[in-house]
Structure formats: C-alpha cells, structure tokens
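Chemist:
Residue numbers (the working numbering): 179 to 603.
#1: In the structure shown, what three-state DSSP assignment does residue 501 receive?
#2: For residue 261, count the other beta carbons within 10 Å of its own beta carbon; 16 or more makes it buried, fewer makes it exposed. Which is it?
#3: Using a 10 Å radius around the Cβ and a threshold of 16 neighbouring Cβ atoms, would you call residue 178 buried or exposed?
#4: Enumerate in chain order the residues of its own chain whose CB-to-CB distance from residue 386 is below 8 Å, with the five nearest sequence positions on each side excluded.
#5: With DSSP run on the structure shown, which of helix, strand or coil describes residue 576?
#6: What residue range does the beta strand (DSSP E) around residue 414 cover?
#7: For residue 233, report the span of its beta strand (DSSP E) as first-last.
#8: Which partner residues does residue 553 have in the DSSP bridge list?
#9: Spatial neighbours of residue 421 within its chain, please: C-beta separation below 6 Å, excluding the five flanking residues on both sides.
#10: Taking C-alpha atoms, which residue in 344, 256, 556 lies nearest to residue 443?
#11: With H, G and I counted as helix, E and B as strand and the rest as coil, what does DSSP make of residue 424?
#12: Determine the closest residue to residue 349 out of 361, 355, 357, 356, with distance taken between C-alpha atoms.
#13: Please report the straight-line C-alpha distance between residue 363 and residue 372, rounded to a whole angstrom.
#14: Taking the alpha-carbon positions, what's the residue 565 to residue 358 distance?
#15: Taking Cβ to Cβ, would you say residue 404 is nearer than 8 Å to residue 428?
#16: Do three or more CB pairs link the stretch 517-528 to the stretch 455-462 at distances below 8 Å?
#17: Is the stretch 375-392 in contact with the stretch 540-550, if contact means three or more CB pairs nearer than 8 Å?
#18: Taking buried to mean at least 16 other C-beta atoms within 10 Å of its own C-beta, is residue 307 buried or exposed?
#19: Look up residue 367 in the DSSP assignment and say whether it is helix, strand or coil.
#20: Below 8 Å between beta carbons: does that hold for residue 492 and residue 561?
#21: Considering only residues of the same chain and omitting the five flanking positions on each side of residue 505, which have a CB-CB separation below 6 Å?
#22: Along the alpha helix (DSSP H) that carries residue 382, what are the first and last residues, could you check?
#23: Within 10 angstroms of the Cβ of residue 219, are there 16 or more other Cβ atoms? Answer buried if so, exposed if not.
#24: Please look up how many angstroms separate the CB atoms of residue 530 and residue 521, rounded, as I've assumed it's under 8 Å.
#25: Go to residue 201, then tell me how far its alpha helix (DSSP H) extends in each direction, as first and last residue.
#26: In the structure shown, what three-state DSSP assignment does residue 205 receive?
#27: Can you name the start and end residues of the alpha helix (DSSP H) that residue 516 belongs to?
#28: Would you tell me roughly how many angstroms separate the C-alpha atoms of residue 483 and residue 269, rounded to the nearest one?
#29: Tell me, which residues are paired with residue 481 by DSSP?
#30: Whose C-alpha, out of 346, 417, 388, 329, is nearest the C-alpha of residue 374?
#31: Quick check: the Cα distance between residue 181 and residue 507, rounded to an integer number of angstroms?
#32: Can you grab the Cα-Cα spacing for the pair residue 326 / residue 334, in whole Å?
#33: Suppose contacts are defined by Cβ-Cβ distances below 8 Å. Is residue 496 in contact with residue 423 by that definition?
#34: Between which two residues does the beta strand (DSSP E) harbouring residue 528 extend?
#35: I need the DSSP call for residue 436, collapsed to helix, strand or coil.
Structural data, given as structure tokens:
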C-alpha cells in the first residue's frame, strides 16, 4: 500500500478496539483492526501531517437502530440505512450465541476479550434484530417464523460456527503460575477461556504473540519432570487489577491424559478448516497436547529453550523472588512470577559479581541505565553463560578468561570487581 495512493482514511470504534479503513484512489479499501485510542491519535496526526483526509465514522453500540438493509459481507453483518451508507459492521467470527426472542427478534451475543486494555473503547455484548413477519425472504416457511429462519441462516455460516460457545477440548485444574491459581482451560475455535470458581476470562487466539516450552532444569544431566508453557499475549490479560503479558502453566512432562481427548466439531468443519491443523483425537502427554491445541487453533508455532537448553536457577533481588533465568534466542526471560523479558538489543553490559565460592551474581544494565540484578547463580554455569554472552556479542565485565597460568587458574576467572567499579568512578 503506497501512502501516495491513499485518497482518504476513516476510522470507527468497533468491538474491543478501533478500526481504520484506508480508501485508495483506485477504489480498493484496506481494513485494519486492533488499534487503541492512543494508536488512533498517533495515526490521525500522522496522516493529517501527510495531508491525507481523515474522518471518524460513528457506529451504534447502544440503544435502537433502524436498518432497512442487512447483508453478509466478508464474514460480517453489514447494517445500512440505504444501499450506500453503512451504519455498522458486526464480525460474525466473534459470535458466541444466537437465540430467538419472541416471534420477530433474534439476539446475537459476542464473547468478551479480556486482553484489551483500553477502557475508553465501547464493548458490544449483543445486538438484537427485529425482523417483521412480513419480511419477504423468510415468508411462507411452514411451522416457523422470520426470526427462526434468520437464525438458521446465520448458524449455517462457517464463520459463525467458528465462534460457537461449545469448547473443542478442555482440561481440568491446570496449575498456572501467572496468573496464579488452578484453572480449567477450555479451547474454543476462536479463543480459549480460563475458569475457576470466581473468575472466567477469555483470550482471543489472535492476541497470542508466542508460545514457548521451557524446561526447569538442565537436560539430560538433571532431567526434570516439569516444564513451563509460556504464552505471550498482546494486549495483556486483565484479571482484577492486574495485567498479565505472559501466561505461565506449570506442567508435568511425564503426565499423560487419562483417556483420549476427542475434538468436538463436525466432520465437515474439521475437513474444511482443521484437518491439517488439529488431530481428531489426542492421547499422550498433557503438555504436548496443550501446546498442540494452542498451535493448531492460533496458527503460532511453539519454540523451546534454544541453544542454551535450560534455565539457570537464580533470585530476582528487587523482589526477593526465586526462579530461573532463561537465555533464549531473543532475550533473557526470568520465570515464573513475575515474568521479566530483557531483550539483548536493550542491554548495554552485563556485570558479573561474586566471591570465589559456589555462586555468583549477575547485574544486567540496560541502555537506559535501568538495572536487573540476579543472585546466587550456580558457579558451574559461569563458563557456559560467558560463552553465550560472547556468542550474542554482549559486553560483560567482572570476569577474566582463565589462561594456562597458575595465577589465572587460582582466580577462577574473577577479577576484583569492587576495585573495577572504583576505577570507573
């Protein structure tokens, strides 16, 4: 899309976000959703700076609306007051339930995505269509009425069946470390849901950024029966007053399902959309099935611990939290709670501190001079960690490569770090 070919840009509040429509000079139109109010302000100012006209289109989210024309276009219900003026577009893929209310009314409900963080944007929970019994398209059907026939026409669409409320598969009492607690996990076709006695939250698959499996201890020297499954979501998930950019599940890597898990969907839907993404039946290890379902339904492939292979046990000094520091391909990750991600591109240097005993400390200094300190890392990991820092071309201080000299071997690779800091001052 060439910015010089944009004729105008319109934007409107839709369910859970803001949508921008780019109208091109050749008549084409491109639609983008998922913007926050902050994004909207930035984009409008940017476009106006390029002398591109922008206009807000009003959409109805409460009250009554009279639409003389309703049509289905691009998996959306389009409501118009005349053939050329669109009042509102409703995404059919977000539908969770369709029910008839009296003889002429059809109520269409939408699931609520708990990952959206901009409270200024209106939410649409449901919309009710009043279809007169004189409506010609659905007249003359025996033992029925216009509302029932309109409902049937919507339910028959694949895009609506994708948003159905019935779960494809579910697991009971999975242990989550972020958000902390035991949750039932239900996999639907457009989202997954976490449920327990007092909480039920929904996460759209399109909110998933990445899926990782992280083993807790080195392999194969110290095989562990547990691993973290870390799901990164953007925008973050809101539970109560807390925001969670990472969902962390603690799973036993040798636990198998008690009986095969059968995927709950029609044969036609499976054959047309999921035959190459999901299995009809799963058996085996629980953590592998959970990850397989997440991959197949979200379209995101999982990654594992990378070349380093495992996490290093350590303490997050700022919060006195015990966990593991994972040197992954793109960043350092500290798990399980709070999850901290430190991109390698943001690191100015790494300072290694420690007496000549069984552990050492690590201070990661960012380009902004912000610091993250980790303590009591086992000294056996020092050589591997230094090699990894060199591989990533990250500057490190406080460690001297051992040489063949007796003095170097006695020093075990450490410099007098306190003296170094005094010299820098």
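Even glycine gets a Cβ: it sits at the ideal position worked out from N, Cα and C.
Modeler: By the coordinates alone:
#1: Strand, per DSSP.
#2: Exposed, since its Cβ has fewer than 16 Cβ neighbours within 10 Å.
#3: Lying outside 179 to 603, the shown extent of the chain, residue 178 is not represented and no answer is given.
#4: So the list reads 409, 410, 411, 472, 476, 478, once near-sequence residues are dropped.
#5: It is coil, neither helix nor strand.
#6: Per DSSP, the continuous beta strand (DSSP E) segment holding residue 414 begins and ends at 404-417.
#7: Taken as a continuous stretch (DSSP letters only), the beta strand (DSSP E) holding residue 233 covers 232-234.
#8: As a beta-bridge residue in DSSP terms, residue 553 pairs with 493.
#9: Leaving aside the five residues that flank residue 421 on each side, the residues in its chain whose CB is nearer than 6 Å to its CB run, in chain order, 414.
#10: The residue with the shortest Cα to Cα distance from residue 443 is 344.
#11: In the three-state reduction of the DSSP assignment, residue 424 falls in the strand class, which pools E and B.
#12: Looking at the Cα atoms, 361 is the closest of the given residues.
#13: Here the alpha carbon of residue 363 sits roughly 5 Å from the alpha carbon of residue 372.
#14: In a straight line, the C-alpha of residue 565 is about 35 Å away from that of residue 358.
#15: Yes; because the gap between Cβ atoms is below 8 Å, this pair is in contact.
#16: Judged by Cβ distances under 8 Å, the stretch 517-528 makes no contact with the stretch 455-462, as fewer than three pairs qualify.
#17: With a cut-off of 8 Å, the stretch 540-550 and the stretch 375-392 do not count as touching, because too few Cβ pairs lie within range.
#18: It is buried - the Cβ of residue 307 has at least 16 other Cβ atoms within 10 Å.
#19: In the structure shown, residue 367 sits in coil (DSSP, three-state: anything other than H, G, I, E or B).
#20: Going by C-beta atoms, residue 492 is not nearer than 8 Å to residue 561.
#21: The residues are 486, 566.
#22: Where residue 382 is concerned, there is no enclosing alpha helix (DSSP H), although the beta strand (DSSP E) it sits in stretches over 377-382.
#23: Classification of residue 219: exposed, given that the 10 Å Cβ count is below 16.
#24: Actually they do not touch by this definition, with Cβ atoms about 20 Å apart.
#25: Counting along the chain, residue 201 falls outside any alpha helix (DSSP H), though it belongs to the beta strand (DSSP E) covering 195-202.
#26: Under the three-state reduction of DSSP, residue 205 is assigned to coil, being neither helix nor strand.
#27: Note, residue 516: premise wrong, no alpha helix (DSSP H); not H, not E.
#28: Each residue's alpha carbon lies about 37 Å from the other.
#29: Answer by DSSP bridge pairing, in chain order: 390.
#30: If we check each option's Cα against that of residue 374, 417 comes out closest.
#31: Taking the straight line from one Cα to the other gives about 35 Å.
#32: Our two residues, residue 326 and residue 334, have alpha carbons roughly 12 Å apart in a direct line.
#33: Contact: no.
#34: Note, residue 528: beta strand (DSSP E), 525-531.
#35: Under the three-state reduction of DSSP output, residue 436 falls in the coil class, being neither helix nor strand.
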